[in-house]
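*Asks:* Sharing a structure with you now.
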Amino acid sequence: MSDTFIIKKPWITEQSTDLSKIGQYVFIVQKNATKPEVKKAIHEIYKVDVTAVNIVNRPAKQKRMGQRYGTQQGYKKAIVTLKKGQKIDLT
63 MSDTFIIKKP
73 WITEQSTDLS
83 KIGQYVFIVQ
93 KNATKPEVKK
103 AIHEIYKVDV
113 TAVNIVNRPA
123 KQKRMGQRYG
133 TQQGYKKAIV
143 TLKKGQKIDL
153 T
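So the mapping is simple: this note's numbering equals the position in the sequence shown, first residue as 1, plus 62.
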């Protein structure tokens, strides 16, 4: 799988913005992506050194819309820790 397809998009929230101040960045990744693949993709795309990758799987949830039921799509988040002193510009 190509490095550009492993990383879907950065996850920009209040909590992830606070994490970026200490060198951790959150990305939405493909469901079949592994930690080494994410580490390699971040290094290739952003040209930074990754020290750790933590992955969180959020399963799909069943939601109700009126009388009908549907599913809210699940996703996989990768929390990437960079080498001290390095940054990623996500703006």
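Glycine included, C-beta positions come from ideal geometry on N, C-alpha and C. Computed from a predicted structure; not experimentally measured.
Taking Ala122 as part of the alpha helix (DSSP H), name the residues at either end of that continuous run.
*Replies:* For the purposes of this step, residue 122 is taken as residue 60 along the sequence shown, with counting starting at 1. Premise fails: Ala122 is in no alpha helix (DSSP H) and is neither H nor E.
*Asks:* Would you kindly work out how many angstroms separate the C-alpha atoms of Thr96 and Tyr131, rounded to a whole number?
*Replies:* Translated into the one-based positions of the sequence shown, residue 96 becomes position 34. Translated into the one-based positions of the sequence shown, residue 131 becomes position 69. Each residue's Cα considered, the two are about 32 Å apart.
*Asks:* Looking only at DSSP bridge pairs, what is Gly110 linked to?
*Replies:* Translated into the one-based positions of the sequence shown, residue 110 becomes position 48. Here residue 110 turns out to be Val, not Gly, going by the sequence shown. Val110 pairs with nothing; no bridge assigned.
*Asks:* I'd like to confirm the pairing. Which residues does DSSP put opposite Thr143 in its beta bridges?
*Replies:* Taking the first residue of the sequence shown as position 1, residue 143 is located at position 81. Gln86 and Ala114.
*Asks:* Since Val100 and Val91 are thought to touch, with beta carbons under 8 Å apart, how far apart are those beta carbons, to the nearest angstrom?
*Replies:* On the sequence shown, residue 100 is found 38 positions in, with the first residue counted as 1. On the sequence shown, residue 91 is found 29 positions in, with the first residue counted as 1. With 8 Å as the limit, Val100 and Val91 qualify as a contact, their Cβ atoms being about 6 Å apart.
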